[in-house]
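Engineer: Using the working numbering, the first residue of the sequence shown is number 3, and each one after it goes up by one. My questions will all concern the structure given below.
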Amino acid sequence: MEVLILPTAEEVAELASSVIVEAVSSNPRAAIGVATGSTPLATYKKLIAAHRQGEVQLDGIRPFMLDEYLDLSPDHPELYRNVLKRNLLDGVDVVSAELRCPDVFATDLLDACRRYEQLIVEQGGIDVQLLGIGSDGHVGFNEPGSSLGSRTRIKTLHTDTIRDNARFFDSLDEVPRHVITQGLGTIMDARHLLLIAHGATKADAIAAAVEGPLSASCPGSVLQLHPHATVIVDEGAGAALAQQEYYRHAWANKPEWQGL
Ligand code: PGA
């Protein structure tokens with residue numbers, strides 16, 4: 003695992019976007035796992051700018067959703083596929099039909115979860131999976147207690163997550179209680195995991211995920227087992243890391259040939 007602590011959230015977004023730009027530059031049809039929440043928005047803005055300025059052509063990417071709410075109407079602005087359309091896909095000229103997502107409107111939701119798993123495999127897996135982290139340590143919507151080997155399935159949101167996400171809705175009661183999320187095992191199958199976080203509210207979750215024990219109590223800790231995981235945080239989100247000094251030293255001395 004490589005841990006990078008950067009001065010600002012802006013620099014986190016810049017570096018995260020450069021990882022995706024590089025993946026797409028070498029494979030225009032790269033499968034990119036796209037996350038939602040506030041954290042990735044600045045990264046998406048950078049990607050849109052790179053696309054518009056002709057630095058990279060992002061219109062051929064194959065985007066895969068990380069998770070999606072259940073029980074919202076198809077036109078609800080907070081349905082994650084609509085959020086992604088507004089904040090990323092439209093800006094990089096990818097039509098909504100290209101977004102690979104679990105069918106949250108299926109009558110058989112268990113089958114929809116299985117089909118999503120199958121789709122990821124059939125399409126050759128995910129090249130770069132962008133991840134945020136919840137204040138309770140969740141990645142995707144894998145709440146504490148999630149099996150470290152879990153696959154795409156229905157989850158009930160933690161009360162902390164419902165509270166955290168209420169800012170996107172008119173009231174706490176409107177936040178869906180259930181979601182479909184890639185499992186931790188599904189996420190671990192991606193070839194490169196890119197976890198980003200900023201702000202002091204994420205400091206404890208980042209410390210637990212990066213340096214805490216490997217435990218279902220902090221689902222993000224599963225990244226410790228991944229052969230290619232990059233964690234990019236700002237000073238606030240990195241503040242509780244015990245090995246900060248070493249991470250800074252390693253970054254300052256990173257050989258140019260190595261890349262991320
Ligand atoms: P946030 O959520 O980016 O809105 O803080 C992250 C997450 O819950 O994974």
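The beta-carbon is built from N, C-alpha and C at its ideal position, and this holds for glycine as well.
#1: Would you tell me roughly how many angstroms separate the C-alpha atoms of residue 134 and residue 141, rounded to the nearest one?
#2: Would you kindly report the start and end of the unbroken beta strand (DSSP E) that includes residue 172?
#3: Please determine, among 201, 151 and 246, the residue with the shortest C-alpha to C-alpha distance to residue 41.
#4: Are the CB atoms of residue 211 and residue 223 within a distance shorter than 8 angstroms?
#5: With a cut-off of 5 angstroms, give the chain-ordered residues whose Cβ is closer than this to any heavy atom of the ligand PGA.
#6: With distances taken between CB atoms, is the gap from residue 163 to residue 138 smaller than 8 angstroms?
#7: Could you tell me if residue 71 is buried or exposed, where buried requires 16 or more neighbouring beta carbons within 10 angstroms of its beta carbon?
#8: Within its chain, find whatever has a CB closer than 7 angstroms to the CB of residue 266; leave out the 5 residues flanking it on each side and keep chain order.
#9: What did DSSP end up calling residue 61 once you bin it into helix, strand or coil?
#10: How would you label residue 256, buried or exposed, when you count the other beta carbons within 10 angstroms and need 16 or more for buried?
#11: Check residue 87 in the structure and name its three-state DSSP category.
#12: Specify whether the stretch 175-192 and the stretch 239-255 touch according to this definition: at least 3 beta carbon pairs, one from each stretch, less than 8 angstroms apart.
#13: On the DSSP letters alone, give me the boundaries of the beta strand (DSSP E) that residue 131 sits inside.
#14: At which residue ranges does the stretch 66-151 contain complete alpha helix (DSSP H) runs of 4 or more residues, listed in the order of the chain?
#15: Here's a check: name, in chain order, each residue in its chain whose Cβ is nearer than 6 angstroms to the Cβ of residue 90, leaving out the five neighbours to either side.
#16: In the structure shown, what three-state DSSP assignment does residue 27 receive?
Structural biologist: Walking through what the data contain:
#1: 6 angstroms
#2: Per DSSP, residue 172 belongs to no beta strand (DSSP E) and is neither H nor E.
#3: 201
#4: yes
#5: 39, 40, 41, 134 and 136
#6: yes
#7: buried
#8: Not covered by the structure: residue 266. The range shown for the chain is 3 to 262.
#9: coil
#10: exposed
#11: helix
#12: no
#13: 130-133
#14: 82-86 and 111-124
#15: 46
#16: helix
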